[in-house]
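Q:
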Amino acid sequence: MIILTVNNLKKSFIGKTILDNITFSVSDKDKIGIVGDNGCGKSTLFNLITKEIIPDDGNINFSKNINFSIMHQNISYESKNSVYNEVLSVFKNLIDLEKDLRNLEVKMGDSSLSEENIKEVFDLYEKKRLEFEKKDGYSYNSKVRGVLLGLGFSQDDFEKSVNNLSGGQKTRLNLAKILLKPSDLILLDEPTNHLDMKSIEFLESYLRDYKGSVMVISHDRYFLNSICNRTFLIENKKLKIYDCSYDKFVSRKEKEFEINSHIYDKQKKEIKRQQEIIERFENYGNNRFIKQASARKKLLSKMDLIDDPNIYKNSMKLKLSPNVESGRDVLTICDLKMGFNNKILLDNINLNVYKGDKIGLVGSNGTGKTTLFKIICKKLNPLEGKSILGSKVSIGYFDQEQKTLNNNNSVIDEFWDAYPKMNNFQVRSNLAKFDFIEDDIFKSVEELSGGERARLELLKLMLSNSNFLLLDEPTNHLDIESKEILEKAISDYTATVLTISHDRYFLNKVVNKIWYLNENKITEYLGNYDYFLEKLHQKDFIEEKTISRTEIDKEKKKKRQLEKEKSQKKEILKNIEKEIFEIEEKIDKLNKLLQDPDIFENKAKSLEIYNDLSKLSKDKEKLYLQWENYL
123 MIILTVNNLK KSFIGKTILD NITFSVSDKD KIGIVGDNGC GKSTLFNLIT
173 KEIIPDDGNI NFSKNINFSI MHQNISYESK NSVYNEVLSV FKNLIDLEKD
223 LRNLEVKMGD SSLSEENIKE VFDLYEKKRL EFEKKDGYSY NSKVRGVLLG
273 LGFSQDDFEK SVNNLSGGQK TRLNLAKILL KPSDLILLDE PTNHLDMKSI
323 EFLESYLRDY KGSVMVISHD RYFLNSICNR TFLIENKKLK IYDCSYDKFV
373 SRKEKEFEIN SHIYDKQKKE IKRQQEIIER FENYGNNRFI KQASARKKLL
423 SKMDLIDDPN IYKNSMKLKL SPNVESGRDV LTICDLKMGF NNKILLDNIN
473 LNVYKGDKIG LVGSNGTGKT TLFKIICKKL NPLEGKSILG SKVSIGYFDQ
523 EQKTLNNNNS VIDEFWDAYP KMNNFQVRSN LAKFDFIEDD IFKSVEELSG
573 GERARLELLK LMLSNSNFLL LDEPTNHLDI ESKEILEKAI SDYTATVLTI
623 SHDRYFLNKV VNKIWYLNEN KITEYLGNYD YFLEKLHQKD FIEEKTISRT
673 EIDKEKKKKR QLEKEKSQKK EILKNIEKEI FEIEEKIDKL NKLLQDPDIF
723 ENKAKSLEIY NDLSKLSKDK EKLYLQWENY L
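So the sequence shown is numbered by the working numbering: it starts at 123 and just counts up by one.
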């Protein structure tokens with residue numbers, strides 16, 4: 123059942139169009155992820171749906187009796203309630219109904235009432251009791267406790283005043299209320315902000331089991347992939363619908379880019395060819411040729427031109443290249459112990475990092491991850507033990523707070539200070555690769571957004587020629603496309619990486635080991651984040667065992683089989699892609715025929731071509747579906 127329809131929606135601010143001709147529908151149980159660059163209009167769309175702002179054109183219609191809730195980013199509010207009572211207020215109707223039941227129970231025990239009055243009271247009691255049971259009234263307290271604990275509040279937090287909470291805690295509290303409020307549709311704007319990994323996993327599980335519909339704006343790709351069955355992309359003021367998970371959306375978008383680039387190049391060549399013919403006909407001076415030139419001009423003006431796909435691509439280019447190769451042993455940590463103010467963070471840590479390792483360091487906030495980085499960089503001395511760098515190891519450190527940046531510098535000066543031997547052209551060229559162009563390079567570092575500061579720090583790191591990168595939350599503040607560029611650069615990087623990150627999608631893409639910091643200890647897992655999660659969730663798991671020779675052989679055999687299957691799939695995909703291109707060429711030829719005035723005026727012939735185009739379009743869509751199934 124469709125619960126929401128949006129038709130031809132348009133919205134502008136101060137003469138600038140943000141959203142144009144937006145049309146979609148939402149069905150019950152839909153889980154929709156909304157993605158797009160910062161500032162593309164995602165939050166504006168939510169505000170239009172909830173009627174917090176009015177559209178310039180178009181309409182939004184909810185089905186009858188549909189309730190919705192919305193969570194905005196960085197909301198803050200005041201309340202004299204305790205944390206627990208604030209969330210409990212969501213169930214005010216149930217609490218009032220429960221009070222009515224208690225009062226009716228007292229009345230039924232009144233001996234002065236006549237039998238007729240007792241029957242009336244009993245009938246009313248039964249009616250209210252059934253309503254209370256139907257609304258699951260006996261479990262609302264346990265629901266409140268479960269959601270609060272799941273979102274990272276401790277038992278001790280329950281009695282804290284809402285007014286004493288931090289901004290992040292208030293955001294989590296607001297999320298708890300929205301999850302518990304009876305709604306047919308929940309709108310969530312960046313709900314994973316201020317949540318640790320454990321809380322995000324709880325939220326994913328909660329939303330997957332949620333019986334209503336969900337629309338969520340998020341830069342957390344793992345989160346989107348975990349819960350969403352549809353993906354909406356907002357790009358160039360338009361909304362495009364992909365009825366698939368986030369991973370499949372990425373694959374399909376990449377294929378569309380390839381196909382559109384191919385069509386765009388062919389269209390450019392055809393336009394150039396037609397313009398040359400027009401110019402030649404006009405130069406002949408003959409009336410017949412001049413008329414033909416005029417007809418071709420009209421056809422050109424009516425041609426449905428596609429935009430250059432490259433204009434929507436992130437221009438940031440990132441290539442990490444170590445200048446000097448390190449030895450095999452990059453880092454050795456022996457019997458390491460570290461803590462502050464009698465609180466031990468790291469105890470008896472023994473680990474090795476080898477050349478080419480890509481390691482993700484994960485754990486709850488405040489467990490000592492950044493402290494370990496500072497020990498490796500020799501910015502802190504441990505209480506006990508050693509951190510020893512190997513031969514020819516050169517460290518490059520990305521600080522999540524960008525403390526290495528000088529706020530008083532301009533962008534160009536900040537970069538030039540790091541690489542004083544570069545000339546003006548080299549400096550500007552490198553800055554341009556990271557989208558610092560024109561007046562942007564003269565901005566002060568202090569003025570930069572979080573994403574811009576991260577890009578500047580990454581650019582400096584890219585050219586440092588380090589062979590051991592320590593990255594502390596490198597994807598924070600980056601948009602999705604920039605994250606993808608960073609992932610590819612790290613995957614192609616031939617040297618060694620140790621990264622702290624809460625970005626699970628990023629970890630899955632780039633690391634081959636996970637270091638899990640928990641209760642002062644670090645356990646090593648030989649795999650990506652999903653492998654680590656699988657092992658962590660095994661109830662009987664105590665510690666990671668050394669893989670036996672037999673297990674390694676089994677893994678190799680399994681890998682060979684997977685490679686064989688991958689090769690077969692690749693061949694099938696190649697054939698499907700070939701068919702798609704052939705169909706595109708046929709569609710292109712038919713479109714050209716329709717541009718011929720003689721054929722266009724022949725209704726029978728035109729209808730035949732239109733029917734062929736319709737059939738080809740359906741065939742292309744079927745091939746796309748086949749292509750997706752083989753991914």
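Virtual Cβ for every residue (Gly too), placed ideally from N, Cα, C. Computed from a predicted structure; not experimentally measured.
Reducing DSSP to helix, strand and coil, say where Tyr647 ends up.
A: strand
Q: Tell me Ile339's beta-bridge partners as DSSP assigns them.
A: Answer is Ile156, Asp311, bridged to Ile339.
Q: For Glu506, name the three-state secondary structure that DSSP assigns.
A: strand
Q: Measuring CA to CA, which of Asn724, Ala417, Arg626 is closest to Thr314?
A: Minimum Cα distance to Thr314 is reached at Arg626.
Q: Put Met460 into one of helix, strand or coil per three-state DSSP.
A: strand
Q: Using the three-state DSSP reduction, which class does Arg626 fall into: helix, strand or coil?
A: helix
Q: Ordered along the chain, which non-local residues of its own chain (more than five positions away) have a Cβ less than 8 Å from that of Gly163?
A: Lys133, Ile140, Leu141, Ile356, Lys359
Q: Could you tell me which residues DSSP puts in a beta bridge with Ser532?
A: Ser566
Q: Bridge partners for Asn474 per DSSP, in chain order?
A: Thr454
Q: List the residues that DSSP assigns as beta-bridge partners of Trp637.
A: Answer by DSSP bridge pairing, in chain order: Leu483, Glu646.
Q: If we require 3 or more residues per run, which beta strand (DSSP E) segments fall completely within the segment 275-314?
A: 307-311
Q: Can you tell me the Cα-Cα spacing of Gly461 and Ile455, whole angstroms?
A: 16 Å
Q: Who are the Cβ neighbours of Arg251 in its own chain at under 8 Å, not counting the five residues just before and after it?
A: Leu223
Q: For a quick check, are the C-beta atoms of Phe558 and Thr597 less than 7 Å apart?
A: No, they are not a contact pair.
Q: State yes or no: is the C-beta of Phe495 within less than 7 Å of the C-beta of Leu592?
A: With contacts defined by Cβ atoms closer than 7 Å, Phe495 and Leu592 form a contacting pair.
Q: Could you name the residues of the same chain whose beta carbon sits closer than 8 Å to that of Arg575, not counting the 5 residues immediately before and after it, in chain order?
A: Gln524, Leu527, Val567, His599
Q: Use the C-beta contact count for Asp652: other C-beta atoms within 10 angstroms, 16 or more gives buried, fewer gives exposed.
A: Asp652 should be labelled exposed.
Q: Taking only the alpha-carbon atoms, compute the straight-line gap between Asp306 and Thr172 and give it to the nearest angstrom.
A: 13 Å
Q: For a test of the three-state rule: what should DSSP assign to Glu600, helix, strand or coil?
A: Just to set this straight, residue 600 is Leu in the shown sequence, not Glu. Correct three-state label for Leu600: coil.
Q: Helix or strand or just coil, what does DSSP make of Thr145?
A: strand
Q: Looking at the unbroken alpha helix (DSSP H) that takes in Thr492, where does it start and where does it end?
A: 491-498
Q: For the putative contact between Gly449 and Lys508, defined by C-beta atoms under 8 Å, what is the C-beta separation to the nearest angstrom?
A: The Cβ separation is near 17 Å, so there is no contact.
Q: Taking Gly272 as part of the alpha helix (DSSP H), name the residues at either end of that continuous run.
A: Unbroken alpha helix (DSSP H) run through Gly272: 262-272.
Q: If you draw a straight line from the C-alpha of Ile497 to the C-alpha of Lys692, how long is it?
A: 45 Å
Q: Is any non-hydrogen atom of the ligand GTP found closer than 6 Å to the C-beta of Tyr638, if you look at the structure I gave you?
A: The model depicted lacks the ligand GTP and carries no ligand whatsoever.
Q: Which of the three DSSP states, helix, strand or coil, is assigned to Gly231?
A: coil
Q: List the endpoints of the continuous beta strand (DSSP E) containing Ile176.
A: No beta strand (DSSP E) contains Ile176, which DSSP labels as neither H nor E.
Q: Give, in chain order, every unbroken run of the beta strand (DSSP E) that is at least 3 residues long and sits entirely within the segment 177-227.
A: 179-184, 190-193
Q: With Ser613 and Lys631 assumed to form a contact (beta carbons below 8 Å), what rounded beta-carbon distance in angstroms separates them?
A: About 7 Å; that satisfies the 8 Å criterion.
Q: In the structure shown, what three-state DSSP assignment does Leu527 receive?
A: If DSSP states are grouped into helix, strand and coil, Leu527 belongs with coil.
Q: For Asn503, I'd like the list of residues in its chain whose CB is within less than 6 Å of its CB, leaving aside the five on either flank, ordered along the chain.
A: Cβ within range, chain order: n/a, list empty.
Q: With respect to the alpha helix (DSSP H) encompassing Asn546, which residues constitute its N-terminal and C-terminal limits?
A: Where Asn546 is concerned, the enclosing alpha helix (DSSP H) stretches over 546-555.
Q: Answer with buried or exposed for Tyr260, where buried requires no fewer than 16 other C-beta atoms within 10 angstroms of its C-beta.
A: exposed
Q: Hey, quick one: how far does the beta strand (DSSP E) through Tyr541 stretch, first residue to last?
A: That residue, Tyr541, is in no beta strand (DSSP E); it is neither H nor E in DSSP.
Q: Give me, in chain order, the residues of the same chain whose beta-carbon lies closer than 8 Å to that of Gly334; leave out the 5 immediate sequence neighbours on both sides.
A: Asp150, Lys151, Ser305, Asp306, Leu307, Ile308
Q: Do Leu505 and Gly490 count as a contact pair if the criterion is CB distance below 7 Å?
A: Result no, Cβ atoms of Gly490 and Leu505 do not sit closer than 7 Å.
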